[in-house]
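In our numbering, the protein residues as written are 318 to 416. Each residue gets a CB set at the ideal place from its N, CA and C atoms; glycine is no exception.
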Amino acid sequence: ASEDMEAGPAAVGGGGQRRWQVELQAGVWTDFPEDQQQIFALAEQQGKPSARFEARGQVYELLFKECVQRNAKTGRDRPVRRAPAAASSPQARELRFRL
Numbered sequence: 318a319s320e321d322m323e324a325g326p327a328a329v330g331g332g333g334q335r336r337w338q339v340e341l342q343a344g345v346w347t348d349f350p351e352d353q354q355q356i357f358a359l360a361e362q363q364g365k366p367s368a369r370f371e372a373r374g375q376v377y378e379l380l381f382k383e384c385v386q387r388n389a390k391t392g393r394d395r396p397v398r399r400a401p402a403a404a405s406s407p408q409a410r411e412l413r414f415r416l
C-alpha cells in the first residue's frame with residue numbers, strides 16, 4: 318500500500334503524506350505551514366534529529382524523537398505530532414471544532 322512507502326523528495330508535502338502538527342492550545346492541533354513541512358521532511362530524509370525554522374519572529378527547533386517544538390530563545394516546548402493527511406483535511410478540522 319502507498320501508506321507504507323518512504324517519503325521521497327517528490328512526495329514532500331500534501332498528497333496523502335503524514336503532516337506535522339503542533340498543539341497550540343490544549344487539545345487543539347494545527348498543521349505547520351507547507352514551507353515548514355518541507356523543511357521537516359528534508360531534515361528527516363537526511364537523518365537529522367531535528368530541524369530549525371522561524372515562525373512569528375521566533376526561531377524554533379522541531380525535535381523529531383522527542384515530538385516537541387522548542388523555542389530556541391526561551392527553551393519553551395510545545396507538543397508536536399505526525400498526523401495522517403486525513404486529519405489535516407478541512408472536513409476533519411470542521412468535525413473537530415464541532416465536537
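Rounded straight-line distance, which links the Cα of residue j to that of residue i
i, j, result
"residue 357", "residue 344", "22 Å"
"residue 349", "residue 339", "7 Å"
"residue 419", "residue 393", "Nothing can be reported for residue 419: it is not among the residues displayed for the chain, which extend from 318 to 416."
"residue 401", "residue 337", "9 Å"
"residue 385", "residue 373", "17 Å"
"residue 375", "residue 387", "10 Å"
"residue 335", "residue 391", "29 Å"
According to DSSP, residues forming a beta bridge with residue i
i, result
"residue 394", "387"
"residue 371", "376"
"residue 335", "DSSP output for residue 335 lists no bridge partner at all."
"residue 361", "Bridge partners of residue 361: none, in fact."
"residue 340", "346"
Beta-carbon proximity list for residue i, same chain, < 7 Å, skipping 5 on both sides
i, result
"residue 396", "340, 384 and 385"
For residue i, the nearest candidate out of the options (CA to CA)
i, options, result
"residue 364", "371, 398 and 382", "382"
Residues near residue i in its chain [Cβ-Cβ closer than 6 Å; skip 5 each side]
i, result
"residue 368", "356, 357, 360 and 379"
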